[in-house]
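A.B. asks:
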């Protein structure tokens, strides 16, 4: 991996217990944007046998956080997130992506989507407050 910050963030992501539990993977594209991939697990379904909305919100938050951190070089915390669930996941594997809308002095604003092979499932916007600097790798 050529980007040491991406390598650091991916290592932190991989070691996080929540990501181990969910089975989410992280990679970065050439635009410095996080891509979170999740293979559907029926253990995370709601009563109607499809992916629970909380999983969708978590994927959106993950993609946004890791994009904001990579883009800004800052340790960030999610300060607010507005999630829009657009359609059922239809028992499909999901991919969450994010892009930075604004990188300010105190916060990063990002826009995130979750898609399945059948189309757009959810989207969100979020603010990530900067609370410190990430190690330089």
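In UniProt numbering, the protein residues as written are 1 to 137.
Cβ atoms here follow ideal geometry from the backbone N, Cα and C, with glycine treated the same way.
1) Compute the beta-carbon to beta-carbon distance between residue 106 and residue 136, rounded to the nearest angstrom, for a pair I have assumed lies under 8 angstroms.
2) Could you tell me if residue 133 is buried or exposed, where buried requires 16 or more neighbouring beta carbons within 10 angstroms of its beta carbon?
3) Out of 97, 120, 86 and 118, point me to the one whose CA is closest to residue 126's CA.
4) If you reduce the DSSP assignment to three classes, tell me which class residue 34 lands in.
5) Evaluate contact between the stretch 73 to 91 and the stretch 51 to 63, counting only Cβ atoms and requiring at least three cross-stretch pairs below 8 angstroms.
6) Tell me which same chain residues have a C-beta within less than 7 angstroms of the C-beta of residue 72, skipping the five on either side of it?
7) Since residue 37 contacts residue 91 with CB under 8 angstroms, what's their CB separation in whole angstroms?
8) Can you list, in chain order, the stretches of the beta strand (DSSP E) that have 3 or more residues and sit fully within the stretch 15 to 95?
9) Determine which residues share a DSSP beta bridge with residue 128 and list them.
C.D. replies: Put simply:
1) Numbered from 1 along the chain shown, position 106 holds the residue referred to as residue 106. Numbered from 1 along the chain shown, position 136 holds the residue referred to as residue 136. About 21 angstroms; that fails the 8 angstroms criterion.
2) Translated into the one-based positions of the chain shown, residue 133 becomes position 133. Residue 133 should be labelled exposed.
3) The residue given as residue 126 occupies position 126 in the chain shown. With distances taken between Cα atoms, residue 126 lies closest to 97.
4) Residue mapping note: residue 34 aligns to position 34 of the chain shown, counting from 1. Residue 34: strand per DSSP, three-state reduction.
5) yes
6) Along the chain shown, one-based indexing puts residue 72 at 72. 103, 108 and 130, listed in sequence order.
7) Within the chain shown, the letter at position 37 stands for residue 37. Within the chain shown, the letter at position 91 stands for residue 91. Not confirmed; about 16 angstroms, so no contact.
8) 24 to 28, 34 to 38 and 74 to 85
9) Within the chain shown, numbered from 1, the residue matching residue 128 stands at position 128. Paired residues: 78 and 108.
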